[in-house]
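*Asks:*
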Amino acid sequence: MDAETEAQYVAFVDAALPSLRKLARSATWDSHHADDLVQTTLEKLYVAWPRLTRRDEMPLAYARTTLVRSLVSESRRPWRRRETVAEHLPERAGQDPFGAVDVSVDVMEGLRRLSPRQRLVLYLRHVEDLSVAQTAEAMGCSQGTVKSTTSDAVHALRAALAEGVTTDA
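Listed below in structure tokens is the structure:
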């Protein structure tokens with residue numbers, strides 16, 4: 000790779016790194032695993048960079064797709080199939096007059112109950128604001144799968160939130 004192309008790659012990584020980390024952390028819920036996933040994505044992106052710049056392709060879309068497919072590929076490996084211990088939340092330090100802390104804790108717990116695929120589709124659709132077609136392309140599945148996974152995830156999240164509200168009352 001020549002110096003100019005490498006400089007373009009470095010500039011892109013500087014700009015895209017926060018977005019890729021955010022995507023990986025929201026999909027894995029493990030900062031160390033997320034950083035490893037981003038590193039793998041950047042390695043694959045570095046190899047493909049000259050081809051991407053020659054074709055005027057969108058490198059951020061390529062990076063997102065690579066990250067998602069790497070996560071899906073890793074989740075299929077037997078060594079990744081293990082239970083993770085949930086961290087206990089510390090006691091609350093002060094009063095929350097609006098209940099925002101309770102709601103955010105309930106939402107986080109509800110998201111933890113979703114499968115990684117469901118969390119990922121919710122993230123891509125609602126945080127990254129990708130269309131159904133873009134999400135399907137990034138995840139390597141059909142648009143119908145994206146729609147049904149989104150529906151299932153929203154239904155499961157609503158059920159978890161309703162359960163949390165009724166048990167606290």
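For what it's worth, numbering that gives the first Met the number 0 labels the leading residue of the sequence shown as 0, then goes sequentially.
Don't be surprised by glycine CBs; every beta carbon is placed ideally from N, CA and C.
None of the values given here were measured: they were computed from a predicted structure.
1. Is there contact here, the stretch 128-136 with the stretch 13-30, by at least three beta-carbon pairs under 8 Å?
2. Buried or exposed: which applies to residue 0, given that a residue is buried once 16 or more other Cβ atoms fall within 10 Å of its Cβ?
3. Find out if the Cβ-Cβ distance for the pair residue 73, residue 36 is shorter than 9 Å.
4. Given this structure, state the Cα-to-Cα distance separating residue 3 from residue 154, to the nearest angstrom.
5. How should residue 143 be labelled, buried or exposed, when 16 other C-beta atoms within 10 angstroms of its C-beta is the threshold for buried?
6. Look at the Cβ atom of residue 10, then the Cβ atom of residue 62, and state whether they are nearer than 9 Å.
7. Beta-carbon separation of residue 106 and residue 156 under 9 Å?
8. DSSP three-state call for residue 28: helix, strand or coil?
9. Please state whether DSSP places residue 129 in a helix, a strand or coil.
10. Consult DSSP for residue 150 and reduce its assignment to one of helix, strand or coil.
11. Using C-beta distances below 7 Å, list every residue in its chain close to residue 165, excluding the 5 sequence neighbours before and after it, in chain order.
*Replies:* On the basis of the data shown:
1. no
2. Here residue 0 corresponds to residue number 1 of the sequence shown, with the count starting at 1. The residue in question, residue 0, is exposed, as its Cβ has fewer than 16 Cβ neighbours within 10 Å.
3. For the purposes of this step, residue 73 is taken as the residue at position 74 of the sequence shown. For the purposes of this step, residue 36 is taken as the residue at position 37 of the sequence shown. Yes, the pair counts as a contact, with Cβ atoms nearer than the cut-off.
4. Working through the sequence shown from its first residue, we reach residue 3 at position 4. Working through the sequence shown from its first residue, we reach residue 154 at position 155. Cα to Cα, the separation comes out at about 49 Å.
5. Looking up residue 143 in the sequence shown gives position 144. With fewer than 16 Cβ atoms within 10 Å of its Cβ, residue 143 is classed as exposed.
6. In the sequence shown, residue 10 corresponds to position 11, counting from 1. In the sequence shown, residue 62 corresponds to position 63, counting from 1. In this structure, residue 10 keeps its C-beta atom at 9 Å or more from the C-beta atom of residue 62.
7. Numbered from 1 along the sequence shown, position 107 holds the residue referred to as residue 106. Numbered from 1 along the sequence shown, position 157 holds the residue referred to as residue 156. Contact flag set, yes.
8. Translated into the one-based positions of the sequence shown, residue 28 becomes position 29. Coil.
9. For the purposes of this step, residue 129 is taken as residue 130 along the sequence shown, with counting starting at 1. Coil.
10. The residue labelled residue 150 in the question sits at position 151 within the sequence shown. If DSSP states are grouped into helix, strand and coil, residue 150 belongs with the helices.
11. As a first step, residue 165 must be located in the sequence shown, where it is residue number 166. For residue 165, the pLDDT reaches just 44, beneath the cut-off of 50, and the residue's location in the model is therefore unreliable, although a value from the coordinates is still provided. So the list is empty, once near-sequence residues are dropped.
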